[in-house]
Structure formats: structure tokens, C-alpha cells
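Residues 1 to 283 (UniProt numbering) are what the sequence shown spells out, left to right.
Ideal placement from N, C-alpha and C gives every residue a C-beta, glycine not left out.
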Amino acid sequence: MKNWDDLRIFRAMAKSRSIRAAAAELKTTHATVSRRVRALEDDLGSALFERRKEGYVLTAFGQSMMDLTQSVTAGVEAIDRLAFGQDGSLAGPVRLSVLEDLYYKVLADPLDSFMRSHPMIELTIETTSSFRDVNRREADVIVRITSDPPEQAVGRKVADSPLAAYCSRDYLRNRPVVDRWIALDYPPTVSPLLNARPAFLANSLTVVADVLRRGQGIGLLPCFMAKGDSDLVRLSEVDLILDKEIWTLTHVDILHNPRVRLLMDHLYHAFSSQRARIEGRAE
Numbered sequence: 001m002k003n004w005d006d007l008r009i010f011r012a013m014a015k016s017r018s019i020r021a022a023a024a025e026l027k028t029t030h031a032t033v034s035r036r037v038r039a040l041e042d043d044l045g046s047a048l049f050e051r052r053k054e055g056y057v058l059t060a061f062g063q064s065m066m067d068l069t070q071s072v073t074a075g076v077e078a079i080d081r082l083a084f085g086q087d088g089s090l091a092g093p094v095r096l097s098v099l100e101d102l103y104y105k106v107l108a109d110p111l112d113s114f115m116r117s118h119p120m121i122e123l124t125i126e127t128t129s130s131f132r133d134v135n136r137r138e139a140d141v142i143v144r145i146t147s148d149p150p151e152q153a154v155g156r157k158v159a160d161s162p163l164a165a166y167c168s169r170d171y172l173r174n175r176p177v178v179d180r181w182i183a184l185d186y187p188p189t190v191s192p193l194l195n196a197r198p199a200f201l202a203n204s205l206t207v208v209a210d211v212l213r214r215g216q217g218i219g220l221l222p223c224f225m226a227k228g229d230s231d232l233v234r235l236s237e238v239d240l241i242l243d244k245e246i247w248t249l250t251h252v253d254i255l256h257n258p259r260v261r262l263l264m265d266h267l268y269h270a271f272s273s274q275r276a277r278i279e280g281r282a283e
């Protein structure tokens, strides 16, 4: 094999059964994935995939290679983590993955101050709702709302993330006899509370918060979403609902990289200074 990076492309395509999905995962082009897979097959002298209706399916040889590459890939990833963990420089890259809503509501200003204080650090921020794999260094530090942090990650809980009921000031002034329930497509928030009828369902916190601001009804939001929002009013008749926790996480192999340590510490202090409002204990 002439290029070990071809293993990443092969494994991504094998898992997704799609050239397009593999390209998206690897942040490259459809043409690059297709070309590299063909080159790998030519190099090995055997077909790795069969094209079927359900996508690109591994041949018997491809499946055998997939099994063998598991340990090879894990070893390469471990070496990458070890090298990054031993890097003692304060200058260089570090990658952060965070929920977009958490970035805008909690971390935008703290991360701005981090970049101003450490101009030699090249900070990459990815906003996504998907867990990034710290084993594979898809991110060096992740901030997630979860009740079950991944086993391979280390870090600390920085806050609870309870739910509370909110509506707009206008809705509260003109509140109907039967409330309209605005829900996130997330089980703890779907069933109406109080005397309310289902009126709206969305799969985005940002959308639910916007609909509530427009006076369309009452709904549950994580308290951090309403932090500093003068258009949303919390309803005192609904108790806080304990839901999940906010964690800052990394991999044990890179925990002592100074850039990772600086970022982890900065995030901890950012959440600590806002914790009462994030947890709904202060307005």
C-alpha cells in the first residue's frame, strides 16, 4: 500500500456505503474519494466494493481487509494522539466541537477572549450536534449536553442543564384559557404541561425559541437558551425539570497538551461564571 491515508477513505466508504457520505465525513470531494478507492483497488489487485441498490457493499476481500484495518487504524490514531499529547508548544492548532446554541448563548464571548489572550493558538471551532470521536481526534475538546459521556473521553461536568417553561411577554399578557404547547422533538419536551394543547413541533432549539418569542405558545427550553433573552418569560408555576448535564471532554492521551489544558481551563471558568443562570437559579 503506497498511502496509509487511503485506509481512512476505505473505512469511511465501507461504513457509509456511499462515496458522497464518505467525502462529507472526510471533508473532501466526491471525485477524490472515488479516485482514491479505485487507486487502492488497483494497488491491491482486487475489488473492495460491489455497487448495489443499497450502496457500495464490501466484497469478501473488502470485508477481510476491513477486519484487518481495525487494529491498524487504532494504532495510527493512538500514535497521532500520543504525538499531539507530547507537543509542549503553546503555539499551534487545537480543535473544539460545541453545540451551536451553546456557542452563541454561553461561549461566544469567552472564546473571543481566549483567542485574544492566546493569539498563537490556532483555534478551530466546529458547531455540531453530533458527538465527535476524540479517539480519532475528530476534535481535541468537545462540549456536549449529555447524561452519559463517552467512555473514551475524560473531562468534567461544568453545569446542569435543566428545562423550564417559557413564553413571550405578549403571550403572558393575553394568555388564552387553553395554552398552546410549543415542543422540541425531544421526548421530555413533547407532552404538554398545564392545560395546553399541542400546537407546534420542531427539531431545533433555535426554532422553538423563536416561535415562543413570537407569542405562539408555551414550551420547555434548556435554561441556557433563555439566558439574557428579555423576550422570554419563565413560568413560575412549572418547576425546573432536571434533564442532562454539560460536559467539557477530551482524550486522556492529549489531556496534557498545553493548548488543550488552556482551552479546557478557560471553558471551565466560562461555565462557572455563568452557572447560576445556565442552571436556572438566576435570571
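Classify Asn174 as buried or exposed, calling it buried when 16 or more other Cβ atoms lie within 10 Å of its own Cβ. Taking every protein chain shown into account, the CB of Asn174 has fewer than 16 other CB atoms within 10 angstroms, so this residue is exposed.
For a test of the three-state rule: what should DSSP assign to Pro192, helix, strand or coil? Three-state result, Pro192: coil.
Within a Cβ cutoff of 8 Å, which residues of the same chain sit near Gly92, ignoring the five residues on either side of it in sequence? Exclusion of the five residues before and after Gly92 leaves Met120, Ile121, Glu122, Arg259 as the residues of its chain whose Cβ lies within less than 8 Å of its Cβ.
Can you list, in chain order, the residues of its chain whose CB lies under 8 Å from that of Arg17, leaving out five sequence neighbours each side? Taken in chain order, the residues that qualify are Glu54, Gly55, Tyr56, Val57.
Judging by CA-CA distance, which residue of Val154, Trp247, Leu194, Val211 is the nearest neighbour of Asp253? Nearest option by C-alpha distance: Val154.
Which value, in whole angstroms, describes the spacing of the CA atoms of Ala196 and Gly228? In a straight line, the C-alpha of Ala196 is about 26 Å away from that of Gly228.
Simplified DSSP assignment, three categories, for Glu126: DSSP, reduced to helix, strand and coil, places Glu126 within a strand of the structure shown.
Can you tell me the Cβ-Cβ gap for Ala164 and Leu240, rounded? I've got them flagged as a contact below 8 Å. Contact flag correct, Cβ pair sits at about 6 Å.
Nearest candidate by alpha-carbon position, reference Leu249, set Arg144, Ile19, Ala12, Gln70: For Leu249, the closest alpha carbon among the candidates Arg144, Ile19, Ala12, Gln70 is that of Arg144.
With burial defined as no fewer than 16 other Cβ atoms inside 10 Å of the residue's Cβ, what is the status of Val178: buried or exposed? The residue is exposed, with fewer than 16 neighbouring Cβ atoms inside 10 Å.
Which runs of the alpha helix (DSSP H) fall wholly inside the region 154–198 and span at least 4 residues, in chain order? Taken in chain order, the complete alpha helix (DSSP H) segments of 4 or more residues contained in the region 154–198 are 169–173, 187–190.
Those runs of the beta strand (DSSP E) which lie wholly inside the region 231–273 and span at least 3 residues: As far as the region 231–273 is concerned, its whole beta strand (DSSP E) runs of at least 3 residues are 232–234, 241–251.
Suppose only complete runs of 3+ residues qualify. What are the beta strand (DSSP E) ranges in the region 19–63, listed by chain order? Qualifying beta strand (DSSP E) stretches, in chain order: 49–52, 55–58.
Along the chain, where does the beta strand (DSSP E) that runs through Leu220 open and close? Leu220 -> beta strand (DSSP E) spans 219–222.
Distance, Cα to Cα, Gly280 vs Met264? Roughly 23 Å between the two C-alpha positions.
Go ahead and pull the three-state DSSP assignment for Pro93. The answer is strand: DSSP assigns Pro93 an E or B state.
How would you call Ser113, buried or exposed, if buried means at least 16 neighbouring beta carbons within 10 angstroms? It is exposed - the Cβ of Ser113 has fewer than 16 other Cβ atoms within 10 Å.
In or out: Lys105 buried (at least 16 other Cβ within 10 Å) or exposed? Under this definition Lys105 is a buried residue.
I'd like the span of the beta strand (DSSP E) that includes Arg144, first residue to last. For Arg144, the enclosing beta strand (DSSP E) has its first and last residue at 141–146.
Name the two residues that bound the continuous alpha helix (DSSP H) containing Ala282. If you look at Ala282, you'll find it isn't in any alpha helix (DSSP H); DSSP assigns it neither H nor E.
Beta-carbon contacts of His30 that lie in its chain and below 7 Å, excluding the five residues immediately before and after: Setting aside the 5 residues that flank it on each side, His30 is surrounded in the same chain by Ile19, Arg20, Ala23, each with a C-beta closer than 7 Å to its C-beta; the list follows chain order.
First and last residue of the alpha helix (DSSP H) that includes Ser16? Note, Ser16: alpha helix (DSSP H), 5–16.
Roughly how many angstroms separate the alpha carbons of His266 and Leu232, rounded to a whole number? Taking the straight line joining both Cα atoms gives about 29 Å.
Ser272 versus Trp247: straight-line alpha-carbon distance, rounded: For Ser272 and Trp247, the distance between alpha carbons rounds to 12 Å.
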